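Undergrad: Counted the way the UniProt record's numbering counts, the sequence shown spans residues 1 to 734.
Backbone N, C-alpha and C fix where the C-beta goes; we use that ideal spot for every residue, glycine too.
None of these values were measured; they are calculated from a predicted model.
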Amino acid sequence: IWDFIKQVVRVEINLLLLAVTVLALVTRIYGIHFPRAVVFDEVYYGQFLSLYMKQVFFIDESGPPFGHMVLALGAYLGGFDGNFVWNRIGAEYTSNVPVWSFRVIPALAGSFCIPLAYLLVVELGYSHFSALGACVILLIENSLIVQSRFMLLESVLIFFLLLAVLSYLHFHKARNFKSAFSCQPSVTVMIFALISWWFWLMICGVSCACGIGVKYMGMFTYILLLGLTAVHTWQLIGDRTLSHVMVQVLVRFLALVVLPVIMYIGFFYFHLTLLYRSGPHDQTMSSAFQASLEGGLARITQGQPLDVAFGSQVTLRTVSSKPVPCWLHSHKVNYPIRYENGRGSSHQQQVTCYPFKDVNNWWIIKDPGRHSLVVSSPPRPVRHGDIIQLLHGMTSRYLNTHDVAAPMSPHSQEVSGYIDFNVSMPAQNLWRVDIVNRESDREIWKTILSEVQLVHVNTSAVLKLSGASLPEWGFKQLEVVGDKIYKGYQQSGMWNVEEHRYGRSQEQKERELELKSPTHSDIKRNLTFMAKFLELQWKMLTVKNEESEHKYSSSPLEWITMDTNIAYWLHPSSNAQIQLIGNIVNWTIANLALVVYCLMFLTYLLRRRRKVEDISQDSWEQLVLAGVVCFGGWAVNYLPFFLMEKTLFLYHYLPALTFKILQIPIVVEHLYIHVLKSPAQRKAFGGVILAVLCSVYVSYHNLSPLTYGQPALSSDELAALRWRESWDILLRKR
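#1: Check residue 382 in the structure and name its three-state DSSP category.
#2: Where residue 367 and residue 389 are concerned, what is the direct C-alpha to C-alpha distance, given to the nearest angstrom?
#3: Whether or not the stretch 214–230 and the stretch 73–83 are in contact is what I'm after, with contact meaning three or more pairs of Cβ atoms, one per stretch, closer than 8 Å; do they touch?
#4: Rounded to whole angstroms, what is the Cα-Cα separation between residue 428 and residue 419?
#5: So what does DSSP say about residue 331, is it helix, strand or coil?
#6: If you drop the 5 nearest sequence neighbours on each side, which residues of the same chain put their C-beta closer than 7 Å to that of residue 540?
#7: Could you give the residue range of the beta strand (DSSP E) that holds residue 577?
#8: Output the distance between the C-alpha atoms of residue 385 and residue 628, rounded to the nearest integer angstrom.
#9: To the nearest angstrom, report how far apart residue 680 and residue 165 are at their CA atoms.
#10: Taking the alpha helix (DSSP H) that residue 481 belongs to, which residues open and close that run?
#11: Taking 7 Å as the threshold (C-beta atoms), are residue 654 and residue 154 in contact?
#12: Whose C-beta lies closer than 8 Å to the C-beta of residue 229 among residues of the same chain, with five residues either side of it excluded?
#13: If residue 90 sits next to residue 570, beta carbons under 8 Å apart, how far is it from one beta carbon to the other, in whole angstroms?
#14: Mapping DSSP to helix, strand and coil, what is residue 326?
#15: Could you tell me whether the stretch 399–417 touches the stretch 369–376, where touching means 3 or more Cβ pairs closer than 8 Å?
#16: What are the boundary residues of the alpha helix (DSSP H) that includes residue 682?
#17: Nearest to residue 659 by CA position, among 226, 638 and 676, is which residue?
#18: Measuring CB atoms only, is the stretch 693–711 touching the stretch 133–140, in the sense that at least three cross pairs come out at less than 8 Å?
#19: Whether or not the stretch 612–621 and the stretch 110–118 are in contact is what I'm after, with contact meaning three or more pairs of Cβ atoms, one per stretch, closer than 8 Å; do they touch?
#20: Determine the burial state of residue 784: buried for a count of at least 16 other Cβ atoms within 10 Å of its Cβ, exposed for fewer.
#21: Report all residues from its chain with a CB closer than 7 Å to the CB of residue 353; omit the five preceding and five following residues, and keep chain order.
#22: Apply the 10 Å Cβ neighbour rule to residue 446 and answer buried if 16 or more other Cβ atoms are within range, or exposed otherwise.
#23: Is the Cβ-Cβ distance between residue 86 and residue 133 less than 7 Å?
#24: When you compare each of 145, 34, 320 and 675 to residue 535 by their alpha carbons, which one comes out closest?
#25: Please list, in chain order, all residues of the same chain as residue 498 whose beta carbon is under 6 Å from its beta carbon, the five residues on each side excluded.
#26: Cα separation between residue 170 and residue 200?
#27: For residue 454, which residues from the same chain have a beta carbon less than 6 Å from its beta carbon, with the 5 sequence-adjacent residues on both sides left out?
#28: With a CB to CB cut of under 6 Å and the five nearest residues on each side skipped, what residues in its chain are close to residue 721?
#29: Could you name the residues of the same chain whose beta carbon sits closer than 7 Å to that of residue 728, not counting the 5 residues immediately before and after it, in chain order?
#30: Between the beta-carbon of residue 130 and the beta-carbon of residue 136, is there less than 7 Å?
#31: Expressed to the nearest angstrom, what Euclidean distance is found between the alpha-carbon atoms of residue 265 and residue 64?
#32: Indicate the three-state DSSP secondary structure (helix, strand or coil) for residue 660 in the structure shown.
#33: Should residue 664 go down as buried or exposed, given a rule of 16 or more other Cβ atoms within 10 Å for buried?
#34: In angstroms, rounded to a whole number, what distance separates the CA positions of residue 181 and residue 173?
#35: What residue range is occupied by the uninterrupted beta strand (DSSP E) comprising residue 315?
#36: According to the neighbour-count rule (16 or more other Cβ atoms, all chains shown, within 10 Å of its Cβ), is residue 670 buried or exposed?
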């Protein structure tokens with residue numbers, strides 16, 4: 001044990017690492033309460049934070065909930081009650097808003113990225129001097145400082161990405177832990193070493209899950225690590241000197257695949273458990289999901305009759321939420337005799353889909369063989385395959401479709417409330433109930449739970465939301481059609497009963513009063529967590545807000561040379577401002593290091609193919625692994641943005657930038673050791689490196705008023721900092 005303590009559990013204090021950590025904390029945390037106003041995307045994240053504090057459900061299609069929970073933790077610890085109106089950038093925070101608590105977790109994450117970078121470079125096999133160089137560059141990178149000092153998520157994301165990569169490298173390096181001992185280690189030492197080995201593997205899996213949980217961008221680095229693991233595992237399988245290989249493969253799979261999946265689902269479990277109240281995003285979700293939340297639809301539908309019966313009064317909501325959630329609707333207005341393009345209509349009553357709750361959304365399910373419009377005793381449930389008529393509650397018109405072209409979708413049939421004009425156009429108002437998510441062929445139609453297709457008996461057309469908006473004569477409501485070529489599962493052709501009561505009034509006037517009264521009953525139903533998780537995940541991946549061009553949006557090509565910036569905050573009365581602008585010297589030398597690495601790698605690769613080995617095998621493998629981590633980390637976090645159809649900003653480049661900066665000291669050390677041979681060359685190269693580091697600091701210092709928002713500069717001083725014509729530096733004219 002003593003041998004193990006001396007050789008494995010050595011406690012070393014790295015003063016360089018401690019120093020850069022302290023400096024990182026100073027640059028990221030000092031003065032984060034300034035400005036005491038909403039800074040850029042704080043207006044976006046703050047809305048979700050307030051909803052967390054009030055435990056109100058929301059959906060954010062931009063990413064999983066873990067990042068929001070991290071920010072909410074800071075707000076909770078600061079005692080925030082959720083009461084603040086997040087309506088504009090620059091709004092002054094009120095006294096109940098703990099600004100420091102809002103921003104401290106991203107600031108801490110950004111600070112700890114610096115020591116992680118140090119350890120990562122060392123883990124790649126490079127010197128402590130190179131690791132210190134990486135830290136210095138990251139330490140005074142203006143863009144990373146700005147993004148760390150506010151209630152934003154990029155610094156948290158980068159922290160978990162670096163931790164995941166570092167953990168995996170530590171795990172991989174520890175695979176040959178036996179070589180660390182001068183003699184055969186004891187069983188106790190082996191056990192402790194194995195625990196350490198698996199510990200780092202588990203940390204890697206946890207960090208990957210957290211990275212993806214903060215933003216889906218974390219998936220890029222996760223895929224890179226999975227690829228690296230696959231290569232190493234393939235080499236492991238081919239090593240016949242190892243025993244229990246399949247056990248090691250299984251443990252890797254459990255730690256790097258199963259564990260992240262479980263944690264990812266767990267984030268949503270806590271998210272949905274915390275946010276149990278109805279909120280402004282409810283209508284994006286299904287009726288069943290809404291009914292599982294406290295308040296809102298749950299308050300309206302609590303205890304409704306579960307089984308839909310002949311005589312039931314119902315509202316029918318489309319399962320699809322595109323373009324917006326809506327309900328089958330009709331009103332006392334007819335289709336125009338002729339449309340603007342000259343086509344004719346049936347001139348019967350309009351049937352639409354209306355995106356608001358309204359008394360004209362109520363329909364009565366009628367048995368075609370009976371005249372009764374009330375529920376019998378006992379109720380006769382409607383089952384899969386039954387033929388029904390749908391009678392509009394307020395106008396007593398039957399839901400009808402026929403061989404007349406729909407107004408906006410002429411390839412589909414018009415859907416109307418039937419009016420007999422005695423013009424040889426008979427009623428065609430029979431519909432077959434097809435329960436799509438049924439478990440048996442005679443399943444009963446269930447309130448909220450059943451997804452139903454209504455198939456027209458005469459023409460086999462399916463009642464469907466086309467998604468088109470009607471003109472002024474249709475009050476801009478959404479078009480409903482009969483689709484004769486309907487195939488497969490389409491949410492636009494699925495409907496579910498949302499509000500439901502058993503009808504008791506046969507007379508029209510009594511029925512109208514009944515339809516206007518609230519529903520009452522005593523049956524409670526809830527979705528399972530997995531059903532809610534799958535629905536929420538599907539909505540996040542498919543329901544997108546309309547992307548609009550933003551003043552500070554940019555393209556990936558502009559990021560490389562930093563031809564763009566973002567104005568985060570402007571003082572209401574002076575030129576004091578905060579800008580997301582990077583250290584231009586850092587960005588330039590990072591681009592240069594990337595090019596030099598590619599040239600070196602290709603040169604070595606071609607020469608080794610010709611059996612010319614300029615460097616040893618160990619140095620080559622070290623260079624390749626560093627390239628996979630740094631160049632690969634840059635590529636996977638940058639190139640996918642060229643394929644994305646979304647509004648992009650400069651801060652999306654920061655994870656890629658971090659990996660690219662790590663490439664700089666690796667290239668420098670390799671050139672110094674393996675390329676420059678004479679002492680004179682190395683001395684001159686050292687002078688160049690020192691000059692570059694001085695330039696990095698000068699650039700950081702000059703841009704620091706835009707990084708920290710103080711001191712306020714004059715218009716002339718600000719104009720002098722506009723080093724690129726494309727930068728938007730804000731100037732006040734006095």
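TA: Taking the structure as given:
#1: Residue state, collapsed to three classes: coil.
#2: Each residue's Cα considered, the two are about 6 Å apart.
#3: Taking 8 Å as the limit for Cβ pairs, the verdict is that the stretch 214–230 does not touch the stretch 73–83.
#4: 11 Å
#5: strand
#6: Cβ neighbours of residue 540 beyond the five flanking positions: 59 and 61.
#7: 577–580
#8: In a straight line, the C-alpha of residue 385 is about 59 Å away from that of residue 628.
#9: Computed Cα separation, rounded: 37 Å.
#10: DSSP places residue 481 in no alpha helix (DSSP H) but in the uninterrupted beta strand (DSSP E) bounded by 478–483.
#11: yes
#12: 168, 252 and 256
#13: With a contact defined as Cβ atoms closer than 8 Å, residue 90 and residue 570 qualify at about 7 Å.
#14: coil
#15: Touching, no, given that fewer than three Cβ pairs across the two stretches are closer than 8 Å.
#16: 679–708
#17: 638
#18: yes
#19: Flag = no, the stretch 110–118 and the stretch 612–621 do not touch.
#20: Residue 784 lies beyond the stretch modelled for the chain, which goes from 1 to 734, so this question has no answer here.
#21: Hits under 7 Å: 318, 326, 327, 328, 329, 465, 477, 478 and 480.
#22: buried
#23: Contact: no.
#24: 320
#25: 287, 315 and 317
#26: 7 Å
#27: 431 and 463
#28: Cβ-Cβ distances below 6 Å link residue 721 to nothing in the same chain once the five nearest sequence neighbours on each side are left out.
#29: 565 and 567
#30: no
#31: 10 Å
#32: helix
#33: It is buried - the Cβ of residue 664 has at least 16 other Cβ atoms within 10 Å.
#34: Only weak support is given to the placement of residue 181: the predicted model assigns it a pLDDT of 41, under 50, and the value that follows is read from those uncertain coordinates. Computed Cα separation, rounded: 15 Å.
#35: 312–318
#36: buried
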